[in-house]
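If you use our numbering, the sequence shown corresponds to residues 15 to 319, in order.
Even glycine gets a Cβ: it sits at the ideal position worked out from N, Cα and C.
This report refers to the structure that appears directly beneath it.
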Amino acid sequence: MKYYHEHIMQMLKESYKYQISSIKEKEQVRHRIAPAQNIMKRASLTVVGSGIKYKSHLTLEAKAYIEQSDRVLYLVNEPVMQEWIASANPNTQSLNDLYQRHKLRADSYRAISEYILEELQKKQYVCVVLYGHPCVFAQPALDAARKADELGYDTLILPAISALACLFADLRINPGVIGCHSYEATDLLIHKRHIEVTSHFVLWQIGFIGCVKHPKDFDNRHGLKVLQEYLQNYYPAEHPLTIYEAAQYPSFEPKVETCMLGDLQNAATTRLSTLYIPPKCQARYDNAMLEKLNLRVEDLYERKL
Ligand SMILES: C[S@@+](CC[C@H](N)C(=O)[O-])C[C@H]1O[C@@H](n2cnc3c(N)ncnc32)[C@H](O)[C@@H]1O
């Protein structure tokens, strides 16, 4: 057992050494292993997330890519993190100007995607940093990575801690017990999507409902009223809701504000607010299915709400 433990520790040490040694070397290794795919040689796109909490959520691997890539493009919402990225590599650029340059957010995203690909076509190791998880409610780098895949570039997306991961921890939720689903708030409304009231429900971007431009100074009251009306098709007016904001700095507390659904239209929201709605009732068992699977309710893990 002791030998096994030492062996694992040694492997981890080696792997960390490898991660933080040289990305360029690592790229060469990848190309050596897969010469048939060696189309672009000296170019790759790595998309990383910076997490939610300043530096605490940054993985060693993401940090290594930020520090060692030829070019680092970033779009993060928190000024201290922006500062750190800018100091971590001499060749960094904020994508914020490009983001703000267009009136419609959809145009901003398209422009950012195209810009990432232009930088990649200069045959360099490009790293793109987005806050939270880089694929979670963040489209431009994902689009760029998909396009880069099609063009035969070497791409990698590193997962990171998203606001949802923080919410599970702060609100003490295990999404596996009764399920959890989430939508973007405007998307929920314009598609009249179905809500499963027996599971946890999370709504993203409740701070700018119906806003297709940049959310700065957006008046969200009308959107919240429409959202409240829609949710009342599923939950009673006295159903409790939580407006949640994860802490962005170590030792800060998250913002956890509760209200009743009937008061949602008066709630104060920011562009960081995420809405959590607890289940209304317990899901019923399907007896035929239990029988088919040879299961008895009393043998199952108790599904607490
Ligand atoms: C453009 S999305 C970015 C999400 C991010 N990529 C992630 O992985 O969490 C912005 C939305 O994420 C959620 N969000 C971002 N930061 C948050 C925070 N600190 N606390 C709670 N929700 C947050 C909010 O719903 C916000 O409107």
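Problem - Segment limits, alpha helix (DSSP H) that includes residue 237 - result: 235-245
Exercise for the section: Would you mind working out which of 265, 299, 234, 268 sits nearest residue 280, comparing C-alpha positions? Expected result: 234
Exercise for the section: Count the other CB atoms, across all protein chains shown, that sit within 10 Å of the CB of residue 133; report buried if there are 16 or more and exposed otherwise. Expected result: Buried, since its Cβ has 16 or more Cβ neighbours within 10 Å.
Practice task
Can you tell me which of 268, 153, 131 puts its alpha carbon nearest to the alpha carbon of residue 85?
Solution key: 131
Practice task
Go to residue 182, then tell me how far its beta strand (DSSP E) extends in each direction, as first and last residue.
Solution key: Run containing residue 182: none in the beta strand (DSSP E); it sits in the alpha helix (DSSP H), 177-184.
Practice task
Please name the residue or residues paired with residue 269 in a DSSP beta bridge.
Solution key: 259
Practice task
Quick one: which unbroken beta strand (DSSP E) runs of 3-plus residues sit fully inside the region 50-89? Chain order, please.
Solution key: Qualifying beta strand (DSSP E) stretches, in chain order: 58-63, 85-89.
Problem - Run of the alpha helix (DSSP H) containing residue 316, from where it starts to where it stops - result: DSSP places residue 316 in no alpha helix (DSSP H); its state is neither H nor E.
Practice task
Look at the alpha carbon of residue 43 and the alpha carbon of residue 191, and state the distance between them as a whole number of angstroms.
Solution key: Caution applies to residue 43, whose pLDDT of 45 falls short of 50 and renders its modelled position unreliable; the value that the coordinates give is listed next. C-alpha separation (whole angstroms): 42 Å.
Handout entry: Residue burial classification, residue 178 (beta-carbon count within 10 angstroms, cutoff 16)
Key = buried
Problem - residue 272 to residue 114 span [Cα, whole Å] - result: 33 Å
Problem - Every unbroken beta strand (DSSP E) inside the region 139-225 [3 residues or more] - result: Entirely contained in the region 139-225, the beta strand (DSSP E) runs reaching 3 residues are, in chain order, 139-144, 168-171, 194-198, 214-218.
Exercise for the section: Let me know the secondary structure DSSP gives residue 101 once reduced to three states. Expected result: Helix.
Practice task
May I ask whether a heavy atom of ligand 1 can be found less than 8 Å away from the beta carbon of residue 150?
Solution key: yes
Exercise for the section: Compute every distance between the C-beta of residue 107 and the non-hydrogen atoms of ligand 1, then say whether any falls below 8 Å. Expected result: no
Exercise for the section: Tell me, please, which residues DSSP counts as bridged to residue 274. Expected result: 254
Practice task
Return the CA-CA distance between residue 123 and residue 211, expressed in angstroms with no decimal places.
Solution key: 33 Å
Handout entry: Identity of the residue in 282, 90, 301 nearest residue 236 by Cα
Key = 282
Practice task
Count the other CB atoms, across all protein chains shown, that sit within 10 Å of the CB of residue 79; report buried if there are 16 or more and exposed otherwise.
Solution key: buried
Handout entry: Burial state of residue 274 (16 or more Cβ within 10 Å)
Key = Answer is exposed; the Cβ neighbour count stays below 16.
Exercise for the section: Over the uninterrupted beta strand (DSSP E) stretch that includes residue 289, give me the two end residues. Expected result: Residue range 288-291 is occupied by the beta strand (DSSP E) that includes residue 289.
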